[in-house]
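Structure first, commentary second.
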Amino acid sequence: MKLKTIALVTMIPAAFFAGQYLSKLSAAKAPPTTSQVTASYGGSGSQGATAASAKKSVITAKWEGKVHKVEAGQTIMDAVKAANPGDTIQVMPGEYHETVYIDKNNIRLQGVIIEGKRPTLHGDGRLNDAILYSGNNIVVENFLITKFKGNGIMGQAGNNFEIRNNIIVDTGVYGIFPQLGDNGIIEHNIVSGIEDAAIYVGMSDHIHVANNEVFDSVAGIEIENSRHAIVENNFVHNNTGGILTFVTPGLPIKDTYDVIIRNNWLANNNTKNFGAPGSMVSGIPAGTGILIMAADEVIVEDNLIVGNKTAGIIITDHQNAPNTTLDPESDPFPDKVMLLNNLMYNNGYETIDEAKVLMATELKQGSPDIVRVGTSNDSCILNRHQYVTVGVSDWAECSFSNTDNIVSYLLDTPAEPRVVNVKDKGKAAYLGICTGCHAYTGRLIGPPVQIIQTLYIDNPQGLADFIAAPVKKREDFPAMPKQDYLDAETRLAVAEYMLSLTK
Ligand code: HEC
Numbered sequence: 019m020k021l022k023t024i025a026l027v028t029m030i031p032a033a034f035f036a037g038q039y040l041s042k043l044s045a046a047k048a049p050p051t052t053s054q055v056t057a058s059y060g061g062s063g064s065q066g067a068t069a070a071s072a073k074k075s076v077i078t079a080k081w082e083g084k085v086h087k088v089e090a091g092q093t094i095m096d097a098v099k100a101a102n103p104g105d106t107i108q109v110m111p112g113e114y115h116e117t118v119y120i121d122k123n124n125i126r127l128q129g130v131i132i133e134g135k136r137p138t139l140h141g142d143g144r145l146n147d148a149i150l151y152s153g154n155n156i157v158v159e160n161f162l163i164t165k166f167k168g169n170g171i172m173g174q175a176g177n178n179f180e181i182r183n184n185i186i187v188d189t190g191v192y193g194i195f196p197q198l199g200d201n202g203i204i205e206h207n208i209v210s211g212i213e214d215a216a217i218y219v220g221m222s223d224h225i226h227v228a229n230n231e232v233f234d235s236v237a238g239i240e241i242e243n244s245r246h247a248i249v250e251n252n253f254v255h256n257n258t259g260g261i262l263t264f265v266t267p268g269l270p271i272k273d274t275y276d277v278i279i280r281n282n283w284l285a286n287n288n289t290k291n292f293g294a295p296g297s298m299v300s301g302i303p304a305g306t307g308i309l310i311m312a313a314d315e316v317i318v319e320d321n322l323i324v325g326n327k328t329a330g331i332i333i334t335d336h337q338n339a340p341n342t343t344l345d346p347e348s349d350p351f352p353d354k355v356m357l358l359n360n361l362m363y364n365n366g367y368e369t370i371d372e373a374k375v376l377m378a379t380e381l382k383q384g385s386p387d388i389v390r391v392g393t394s395n396d397s398c399i400l401n402r403h404q405y406v407t408v409g410v411s412d413w414a415e416c417s418f419s420n421t422d423n424i425v426s427y428l429l430d431t432p433a434e435p436r437v438v439n440v441k442d443k444g445k446a447a448y449l450g451i452c453t454g455c456h457a458y459t460g461r462l463i464g465p466p467v468q469i470i471q472t473l474y475i476d477n478p479q480g481l482a483d484f485i486a487a488p489v490k491k492r493e494d495f496p497a498m499p500k501q502d503y504l505d506a507e508t509r510l511a512v513a514e515y516m517l518s519l520t521k
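So, in structure tokens, the structure goes:
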């Protein structure tokens with residue numbers, strides 16, 4: 019008996035190591051990929067787990083195309099040019115100094131992580147964007163992105179996207195920024211050191227932002243001019259403002275509604291605001307946990323909101339928000355805000371004067387967890403006695419207590435790909451790129467379109483030339499990043515489109 023046991027014990031490690039050795043050999047030929055195993059842990063009992071789980075993919079493509087392997091020293095763009103829809107581009111660890119622009123559909127851009135080493139996109143403080151995509155059904159995963167000036171990962175009018183497991187550090191204005199996308203997942207990313215929003219969902223629908231860590235940025239997670247979004251299970255700390263849901267006036271999509279913010283941990287978002295002067299986020303008071311501005315049907319549930327010195331949750335209309343120009347086509351009020359149970363502690367201990375004045379008028383003392391300024395219609399709050407509040411005394415008690423029935427807002431069948439013909443290219447580029455920094459009226463990162471129109475109204479070619487090679491013009495604005503990755507035809511088309519706008 020005894021001998022037999024010993025033999026078994028020694029055989030198991032031997033087999034184990036042999037297996038490892040073999041898998042190492044094969045790894046040398048084909049890089050490791052994301053595991054295709056889909057079974058779930060069934061628990062120790064005889065019954066399998068049946069709980070509904072969130073959707074893990076919004077793309078039905080099987081990735082049966084070619085695999086293009088990119089080694090350090092090669093460029094990712096060469097692989098993108100060679101790739102066809104359905105292909106996977108696998109990027110091996112190493113440093114890559116380039117902007118990757120994907121204007122094809124069904125492409126999976128996949129970093130290969132080996133012993134913790136990731137492929138790194140390094141912008142040298144010189145390049146504007148790391149990854150830009152305008153295709154539909156795009157996956158971007160497993161990269162380390164650092165030292166770009168504009169965007170880490172930006173989507174322009176691409177539907178069905180998955181952005182996951184990336185680390186984005188000290189990278190300009192936006193970390194992850196899908197714009198005008200329908201049906202997308204942003205999960206398991208770590209984003210820090212961003213001077214506007216670490217994760218910025220702009221003018222998009224059916225979005226799931228989950229399990230990310232965002233910190234040391236001006237805005238942590240922003241859901242802006244977007245609809246049907248869930249933000250859950252994120253760790254949002256040490257930003258100026260944690261999670262924001264907004265309507266930015268002057269953009270082509272005029273509203274934000276149906277947003278669930280749940281199960282996030284929002285801690286110590288007290289970082290001094292370092293947003294570009296005059297930009298909308300530069301008006302966020304340091305110490306804001308959640309900010310709801312002019313967005314409707316926002317549910318805030320089961321978050322842990324601690325140590326945010328201005329307030330745990332601020333609800334405001336456009337009139338009371340700094341750096342905001344009113345848009346006659348946007349409803350300025352945050353209506354149907356629903357605050358369910360949240361754990362709030364140690365917020366508002368160094369709050370802003372506006373909140374202090376409101377507290378005084380309500381004869382309240384203490385540090386506010388929840389501050390509402392301006393008008394908000396049909397809003398409700400559950401168990402308000404849990405918090406120190408100001409401005410919500412007249413809100414109704416909510417008639418429900420959880421959002422358990424809503425697992426996700428992602429679509430059951432992928433969104434139809436956007437078809438962009440040549441004629442529409444200018445419009446798509448304008449909406450996808452320029453609106454990130456230019457609004458029709460009012461200042462964003464760049465000057466308003468109205469001003470640009472007075473300069474270039476009879477000179478679209480001049481405008482097109484400027485964006486290909488911008489020179490610094492204004493003292494009080496940063497330099498505009500060059501848009502030379504757009505071809506000449508698209509540059510002229512976007513110039514003509516920008517000059518034709520009337521609102
Ligand atoms: C990352 C932000 C950003 C993006 C994206 C951006 N711009 Fe700008 N743009 C700026 C800034 C900042 C300025 C002001 C630069 C200055 O005055 O030096 C500017 C200025 C301009 C000007 C004024 C030029 C002049 O002669 O005064 C034009 C025209 C312009 N942008 C067009 C565009 C177009 C078209 C797009 C989209 C293809 C675009 N911009 C995308 C930030 C941006």
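Our numbering applies: residue 19 is where the sequence shown begins, and numbers increase by one.
Cβ atoms here follow ideal geometry from the backbone N, Cα and C, with glycine treated the same way.
**Message:** Please return the same chain residues whose Cβ sits closer than 6 Å to the Cβ of residue 316, not counting the five positions on each side in sequence.
**Reply:** Here residue 316 is taken as the residue at index 298 of the sequence shown, counted from 1. Cβ neighbours of residue 316 beyond the five flanking positions: 263, 277, 310, 355.
**Asked** Tell me which same chain residues have a C-beta within less than 6 Å of the C-beta of residue 275, skipping the five on either side of it?
**Response** Sequence index remark: in the sequence shown, residue 275 carries index 257 (1-based). Cβ within range, chain order: 245, 314, 315.
**Message:** Does the distance between the C-beta of residue 150 and the nearest non-hydrogen atom of ligand 1 fall short of 7 Å?
**Reply:** Within the sequence shown, the letter at position 132 stands for residue 150. For ligand 1, not one heavy atom lies less than 7 Å from the Cβ of residue 150.
**Request:** Using beta-carbon positions only, say whether residue 357 and residue 420 come within less than 8 Å of one another.
**Result:** Start at 1 with the first residue of the sequence shown, and residue 357 comes out as number 339. Start at 1 with the first residue of the sequence shown, and residue 420 comes out as number 402. Their beta carbons are not under 8 Å apart, which means residue 357 does not touch residue 420 by this criterion.
**Asked** Checking contacts by CB at 8 Å: is residue 178 closer than that to chain B?
**Response** No chain B is part of this structure, which consists of one protein chain only.
**Message:** If I measure Cβ to Cβ from residue 478 and keep anything under 7 Å in the same chain, skipping five residues before and after, which residues do I get?
**Reply:** The sequence position of residue 478 within the sequence shown is 460, counting from 1. Correct list, in chain order: 510, 513, 514, 517.
**Request:** Assign residue 407 to buried or exposed, taking buried as 16 or more other Cβ atoms, counted over all protein chains shown, within 10 Å of its Cβ.
**Result:** Here the question's residue 407 lines up with position 389 in the sequence shown. Buried.
**Prompt:** Candidates 225, 318, 125, 83: which alpha carbon is nearest residue 422's?
**Reply:** Taking the sequence shown and counting its residues from 1, the one referred to as residue 422 is at position 404. That would be 318, whose Cα lies nearest to the Cα of residue 422.
**Asked** Would a C-beta distance cut-off of 8 Å place residue 214 and residue 293 closer than the cut-off?
**Response** To locate residue 214, count along the sequence shown from 1; it is residue 196. To locate residue 293, count along the sequence shown from 1; it is residue 275. Going by C-beta atoms, residue 214 is nearer than 8 Å to residue 293.
**Request:** Evaluate contact between the stretch 213-233 and the stretch 109-126, counting only Cβ atoms and requiring at least three cross-stretch pairs below 8 Å.
**Result:** Flag = no, the stretch 213-233 and the stretch 109-126 do not touch.
**Request:** Please check the pair residue 184 and residue 77, which I expect to be a contact at CB under 8 Å, by giving their CB distance rounded to whole angstroms.
**Result:** As a working mapping, residue 184 is identified with position 166 in the sequence shown. As a working mapping, residue 77 is identified with position 59 in the sequence shown. Taking C-beta atoms under 8 Å as the contact rule, residue 184 and residue 77 fail to qualify, at a distance of about 17 Å.
**Message:** Please classify residue 520 as buried or exposed, where buried requires at least 16 other C-beta atoms within 10 Å of its C-beta.
**Reply:** The residue you call residue 520 lines up with position 502 of the sequence shown. Exposed, by the Cβ-count rule.
**Request:** Measure the Cβ-Cβ separation of residue 190 and residue 169 and say whether it is below 8 Å.
**Result:** Counted from its first residue, the sequence shown places residue 190 at position 172. Counted from its first residue, the sequence shown places residue 169 at position 151. It is a contact, given that the beta carbons lie within the stated cut-off.
**Segments of 4+ residues assigned as alpha helix (DSSP H) that fall wholly inside the stretch 461-492** = DSSP runs (the alpha helix (DSSP H)) wholly in the stretch 461-492: 467-474, 478-486.
**Request:** Just mark residue 424 as buried or exposed, buried being the case when its beta carbon has 16 or more other beta carbons within 10 Å.
**Result:** Numbered from 1 along the sequence shown, position 406 holds the residue referred to as residue 424. Note on residue 424: under 16 other CB atoms within 10 angstroms of its CB, so exposed under the neighbour-count rule.
**Message:** On the CB-based measure, 16 or more other CB atoms within 10 Å of its CB, does residue 226 come out buried or exposed?
**Reply:** The residue labelled residue 226 in the question sits at position 208 within the sequence shown. Result: buried.
**Asked** Between the Cα of residue 166 and the Cα atoms of 400, 126, 150, which residue gives the shortest distance?
**Response** What you label residue 166 is simply residue 148 of the sequence shown in a count that begins at 1. Across the set 400, 126, 150, the C-alpha of 150 shows the shortest separation from the C-alpha of residue 166.
**Item:** Short Cβ contact (8 Å threshold) for residue 350 with residue 371
**Value:** Residue mapping note: residue 350 aligns to position 332 of the sequence shown, counting from 1. Residue mapping note: residue 371 aligns to position 353 of the sequence shown, counting from 1. No; because the gap between Cβ atoms is not below 8 Å, this pair is not in contact.
**Prompt:** Which first and last residues belong to the alpha helix (DSSP H) in which residue 394 is found?
**Reply:** Counting from one through the sequence shown, the residue named residue 394 turns up at place 376. Counting along the chain, residue 394 falls outside any alpha helix (DSSP H), and DSSP gives it neither H nor E.
**Request:** Give me the Cα-Cα distance between residue 342 and residue 90, rounded to the nearest whole angstrom.
**Result:** In the sequence shown, counting from the first residue as 1, residue 342 sits at position 324. In the sequence shown, counting from the first residue as 1, residue 90 sits at position 72. Cα to Cα, the separation comes out at about 45 Å.
**Item:** The beta strand (DSSP E) enclosing residue 275, as first and last residue numbers
**Value:** One-based indexing of the sequence shown puts residue 275 at position 257. Residue 275: member of the beta strand (DSSP E) spanning 275-280, first to last residue.
**Message:** If contacts are defined as beta-carbon pairs under 8 Å, then residue 88 and residue 107 qualify, I think. What distance do you get, rounded to the angstrom?
**Reply:** Within the sequence shown, numbered from 1, the residue matching residue 88 stands at position 70. Within the sequence shown, numbered from 1, the residue matching residue 107 stands at position 89. So it is a contact: roughly 6 Å between Cβ atoms.
**Prompt:** Counting Cβ pairs closer than 8 Å, one from the stretch 402-416 and one from the stretch 196-206, do we hit at least three?
**Reply:** The answer is no - the stretch 196-206 does not touch the stretch 402-416, with fewer than three Cβ pairs under 8 Å.
**Prompt:** Regarding residue 501 and ligand 1, is the C-beta to nearest heavy atom distance less than 7 Å?
**Reply:** To locate residue 501, count along the sequence shown from 1; it is residue 483. Taking non-hydrogen atoms of ligand 1 into account, the C-beta of residue 501 is found less than 7 Å away from one of them.
**Request:** Spatial neighbours of residue 362 within its chain, please: CB distance less than 6 Å, with the 5 preceding and 5 following residues excluded, ordered by chain position.
**Result:** Mapped onto the sequence shown, residue 362 falls at position 344. Around residue 362: 323, 330, 387, 405.
**Request:** Flag residue 486 as yes when its Cβ comes closer than 7 Å to any non-hydrogen atom of ligand 1, and as no otherwise.
**Result:** To locate residue 486, count along the sequence shown from 1; it is residue 468. No.
**Prompt:** Mind checking residue 75: buried by the 16 CB within 10 Å criterion, or exposed?
**Reply:** Residue numbering aside, residue 75 sits at position 57 when the sequence shown is read from its first letter. When all chains shown are included, residue 75 counts as exposed.
**Message:** Helix, strand or coil for residue 115? Go by DSSP, reduced to three states.
**Reply:** Counting from 1 along the sequence shown, the entry for residue 115 is found at position 97. Coil, per DSSP.
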